[in-house]
Amino acid sequence: METKSHEEKLISTSGTPAVNPALLASCIHCGLCLPACPTYLATGREMESPRGRIHLINQWSSGHAEMTDRMTGHLESCLGCLGCQTACPSGVQYEEILNQTRPHLAARRSSFARTVMRFAFQQVLPRYKLLRLLGNLLRAWQIMFGTAVLETLFGKERLQSDSAVGKALNRLIDWEAFTPIVPPQVSLPPSLVPKGNSEKGAHTQLFAGCVMDVFYNHVNHASIRLMLKQGHSVDVPKQTCCGALAYHAGEEDIAIALAKKNIDDFGHSSTPIVVTSAGCGAMLKHYGHLLEGDREYAHKAELFSKRVEDITQFLGHHQFPDKPAPLPNKTTYHAACHLAHAQNVRKEPADLLNELNCDSENKLVPLVESEHCCGSAGIYNLLNTKLSLKVLDRKLDFIEDTGAETVVTTNPGCMIQLQAGIRERKLPVEVKHLIEVLDESYFSEPK
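Taking the numbering used here, the leading residue of the sequence shown gets 182, the next gets one more, and so forth.
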């Protein structure tokens with residue numbers, strides 16, 4: 182790999198230091214972040230902790246160390262879960278340190294890997310029709326073949342070999358393990374109003390999300406039903422990918438282009454933008470910061486971000502007209518990182534679940550380390566599968582300890598990751614979005 186000059190590594194395109202020295206200096210290396218870091222808990226290695234990574238970034242950014250492949254490995258092994266930011270007593274802005282570092286990590290990727298990733302971020306994820314087509318093809322593959330066909334075509338020996346073909350095939354098998362069963366695609370209506378056209382409810386806009394739209398389309402439909410039940414009208418505007426995966430991969434230019442398109446598509450009003458994916462919600466709320474230096478979009482982005490609410494926030498701030506049915510079985514809650522840490526949304530999902538815990542059996546059971554990452558982290562589980570599975574194992578151990586039959590969360594990445602691990606362990610546990618549980622409770626047939 183070509184080595185960049187010292188100036189190229191330290192200076193960004195704007196002529197400022199790559200990482201703000203004041204951000205790095207705010208870390209006093211106390212170590213209180215260590216128990217909150219899933220990769221540190223999984224490995225026990227200092228360089229896989231927030232404190233260790235900040236030290237590495239500081240060494241590189243100050244010119245005392247080269248950005249080597251080994252250093253890149255430590256930095257890219259970060260989940261970006263922001264558990265450390267919640268735990269930090271000094272208020273270190275770890276997310277911003279990561280955001281300023283990631284474009285430099287992206288520049289070190291092979292041209293092939295970067296081309297493939299940028300193509301996916303620019304040409305696949307933003308195109309919902311194409312994504313739905315790919316989802317339907319994946320659904321057909323899952324129903325008719327699955328990875329078992331690879332064993333038939335290539336044989337067990339080749340799959341178990343260390344050859345390039347064997348490794349590539351096993352990578353496909355690993356990726357397939359993280360793929361949920363794709364449900365039939367049902368298009369979302371462009372606009373709906375509650376029965377009776379209640380004037381008490383709010384007018385809302387739903388952000389459907391690209392992954393949610395393909396893998397968990399039913400959650401979006403359930404969200405609409407619940408908002409209508411509370412008396413709100415719902416529009417589903419033309420929209421595109423939120424840009425989170427591109428942004429977290431260091432491809433900031435793609436994220437900015439997607440952000441501008443969404444801002445234009447949703448219009449300039451005070452209408453709440455309701456989001457069913459915690460990861461999308463965190464990114465949409467970040468638009469104001471992402472575009473703060475853009476003369477044309479800075480103010481628009483700031484107003485847009487203020488309109489964004491997670492579906493649990495929105496429903497939690499309004500009343501249902503009737504009481505829900507109680508939880509049908511023992512249930513536990515995994516708090517998605519991008520809801521608890523990135524958005525600081527904790528009270529509303531807890532309140533909504535407690536509303537369902539309304540019989541004498543107390544079926545809602547606490548989960549140890551409920552706010553610790555499950556190891557999904559966008560596409561982290563595809564790029565850093567080994568460490569992702571270590572992080573997942575710890576999460577699954579605690580889920581097993583609860584004896585729960587259902588684990589509830591609020592992010593598609595978490596759902597995919599947890600479902601994959603539960604399938605692998607053959608656990609009698611269902612993974613559901615919190616909205617699914619609410620929908621089943623409020624629309625269940627009376628017994």
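We put the beta carbon where it would ideally sit given N, CA and C, even for glycine. What you are looking at is a predicted structure, and each value in this text was computed from that prediction instead of being measured.
If you draw a straight line from the Cα of K442 to the Cα of Y468, it is about 11 angstroms long.
Bridge pairing for Y623: absent [DSSP]. Around the beta carbon of R251, a 10 Å sphere encloses fewer than 16 other beta carbons of the protein chains shown; the residue is thus reported as exposed. Counting along the chain, H384 sits inside the beta strand (DSSP E) bounded by residues H384 to F388.
By the Cβ rule, the region 515-522 does not count as touching the region 225-236, because fewer than three pairs are nearer than 8 angstroms. For G602, the CB contacts under 7 angstroms within the same chain, skipping 5 residues up- and downstream, are L573 and L577 in chain order. The bridge partners DSSP lists for S450 come to none. In this structure, DSSP gives T267 a helical state, which the three-state scheme calls helix. According to DSSP, K613 shares a beta bridge with V589. In this model, S292 and H285 are separated by some 14 angstroms (Cα to Cα). Within the DSSP bridge table, the entry for S372 names D416 as partners. Rounded to the nearest whole angstrom, the C-alpha separation of V305 and A268 is 36 angstroms. When secondary structure is reduced to three states using DSSP, L260 falls in the coil class, being assigned neither helix nor strand. Less than 8 angstroms divides the Cβ of A517 from the Cβ of T591. Here Q500 has Q411 as same chain residues with Cβ atoms under 8 angstroms from its own Cβ, once five neighbours each way along the sequence are excluded. The Cβ atoms of L615 and T493 lie closer than 8 angstroms to each other. Per DSSP, the continuous alpha helix (DSSP H) segment holding D532 begins and ends at K528 to L537.
For the 8 angstroms CB-CB criterion, S271 and S230 do not form a contact. In this chain, the beta strand (DSSP E) harbouring D491 covers V489 to D491. For T224, the secondary structure class from DSSP, reduced to helix, strand or coil, is helix. Beta-bridge partners of T512 (DSSP): L545 and T587. For N239, the uninterrupted alpha helix (DSSP H) run begins and ends at P231 to S242, by DSSP. Looking at the DSSP output, V456 sits in a beta bridge with F388 and D491.
Within the same chain, Cβ atoms closer than 6 angstroms to the Cβ of S414 are found at V374 and H384, the five residues on either side in sequence being excluded.
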